[in-house]
Amino acid sequence: MSFPEFKTKIERGDTVILYLSVTSIFPLQVEPKMTNKKGSLVDNIFQTVYGALRVSDLEGQRYGTKVALSKGWALVLAPTCDLWTQCLPHRTQILYTPDISLIVAQLELRPGSKVVEAGTGSGSLSHSILRTVKPDGELHTFDFHEGRADAAREEFALHGYKEPLVRVAHRDVCALGFDPVAAASVDAVFLDLPCPWDAIGHARKVLRPGGRIAIFSPCVEQVVRTKEVLLKSDFFETETIECLCKELSVQYRTHGKLHLDGNEEQERYLTSLPCASIPGHSGFLTFATLKPWATPCRSPILIS
Ligand SMILES: C[S@@+](CC[C@H](N)C(=O)[O-])C[C@H]1O[C@@H](n2cnc3c(N)ncnc32)[C@H](O)[C@@H]1O
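In this note's numbering, the protein residues as written are 19 to 322.
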């Protein structure tokens with residue numbers, strides 16, 4: 019349990035991040051023993067391209083230190099939700115930090131916010147929501163896949179996120195809505211579902227007047243249908259954004275400089291260049307506000 023609070027020393031049971039390089043980042047559970055494929059309890063040894071690490075050797079070390087592997091070294095870092103997003107076990111497609119940061123800002127989340135999320139998926143976004151709303155906020159997250167809901171609940175508990183901060187429910191929100199939290203009058207709803215329009219009437223029911231909604235959809239046809247239903251369901255200030263990041267690589271380069279007399283000399287410049295690969299389309303993010311003068315609605319508005 020090392021996500022919610024800053025710690026200096028690694029303890030047994032912590033989740034730590036083993037950082038080999040920008041593209042080689044692994045989560046590790048600091049437990050001295052593990053169960054192998056034959057079901058026997060053996061020493062927990064983690065294999066990397068730079069050799070093996072005896073996981074129990076991490077206990078007592080300071081976060082941020084360099085640790086020896088049998089053929090090299092790695093950094094052992096405290097977990098943050100951004101690092102977790104880079105290395106978490108994928109049970110589904112996930113949201114990445116550029117989209118996540120926009121979602122957290124546009125939903126106006128802060129410590130104490132109450133949030134509804136569907137589906138939970140691999141919990142990538144959930145970790146960032148939890149970091150933002152803790153210590154006294156609430157995240158009610160739903161998934162209709164029982165295995166994914168159970169795995170997310172276990173993972174949150176392992177990371178130190180428990181009830182009442184986070185509640186994971188196994189439920190089809192398009193068919194059944196968010197009823198257990200209907201009385202909570204939440205500040206924000208986030209939907210990452212194939213048919214989000216079927217959940218908007220239910221979201222309208224749990225959202226407080228003036229609350230914000232965000233919907234992630236890969237296809238523009240989904241955006242159009244979603245917007246139509248949002249406008250018929252007392253939402254306004256709708257906005258759709260595609261978040262494309264262009265990273266620049268700042269580096270020294272040497273170029274020939276030609277003088278008027280024909281002489282050429284080599285000169286070193288600090289330049290900025292677009293990175294060789296640029297992440298492409300992830301999806302469209304649609305945001306809206308429930309009209310502050312909207313009357314509380316106890317039964318979902320169902321619009322087909
Ligand atoms: C793309 S994943 C969500 C990923 C998540 N945003 C993340 O960052 O890890 C979509 C999830 O929605 C769930 N889902 C799809 N339809 C649903 C429904 N009607 N009710 C609840 N969950 C649903 C799926 O089981 C899946 O786990």
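Every residue, glycine too, gets a C-beta built ideally from N, C-alpha and C.
Quick one: grab the DSSP three-state call for residue i.
i    : result
E156 : strand
A312 : coil
D205 : strand
S144 : helix
K84  : strand
G78  : coil
S119 : helix
I319 : Low per-residue confidence applies at I319: pLDDT is 48, beneath 50, and the placement is therefore not dependable, though the value from the model is reported in the following sentence. Coil at I319, not helix or strand.
A187 : strand
F305 : strand
I28  : coil
R286 : strand
F253 : strand
A96  : coil
A294 : coil
D161 : strand
E260 : strand
T244 : helix
R171 : helix
T150 : helix
S103 : Checking the displayed sequence, the identity of residue 103 turns out to be Thr instead of Ser. T103: helix per DSSP, three-state reduction.
L127 : coil
L276 : strand
T138 : coil
Do residue i and residue j have their C-beta atoms closer together than 8 Å?
i    : j    : result
L38  : Y68  : yes
I28  : Q111 : no
P214 : T244 : yes
R17  : D205 : Outside the displayed span of the chain (19 to 322) sits residue 17, for which this structure offers no information.
K250 : C315 : no
A136 : V48  : no
L370 : I233 : Within the shown structure, residues of the chain are numbered from 19 to 322, placing residue 370 beyond reach of any answer.
E164 : P182 : no
I218 : L248 : yes
V134 : H108 : no
A221 : V241 : no
Who does residue i pair with in a DSSP beta bridge?
i    : result
Q65  : A70
I218 : Its beta-bridge partners do not exist; DSSP assigns none.
S235 : F302
I43  : Y37
R271 : Y287
V224 : V224 is not bridged to any residue.
V133 : L157, A206
T110 : T110 pairs with nothing; no bridge assigned.
V60  : M52
G90  : L87
L266 : P292
R166 : Paired residues: none, contrary to the question.
Which residue's Cα is closest to the Cα of residue i: the options?
i    : options                : result
A96  : L76, V224, L113, L278  : L76
H273 : K51, C192, D279, L288  : L288
Q269 : D279, C293, E260       : C293
L143 : P116, F196, K250       : P116
V94  : I233, L249, K180, S42  : S42
Y114 : F21, T103, E282        : T103
E255 : K309, S295, L176, F196 : K309
E265 : C237, E282, P297, Q284 : P297
T304 : I118, K55, R271        : I118
T150 : L46, C99, V238, D168   : C99
F24  : R109, G178, E285       : G178
G301 : V207, S295, L120       : L120
K132 : G139, V122, S140       : V122
E173 : L127, P129, L46        : L46
A306 : E239, G229, E260, G195 : G229
P153 : K180, R171, A170, G141 : K180
Q124 : H220, L59, I259, L276  : I259
A86  : L101, C105, Q65, L106  : Q65
I35  : V60, S74, L106         : L106
D168 : T83, G141, E239        : G141
S146 : C237, E246, H277, R128 : R128
H299 : V238, L71, R166, I231  : V238
R166 : A70, D216, T138        : T138
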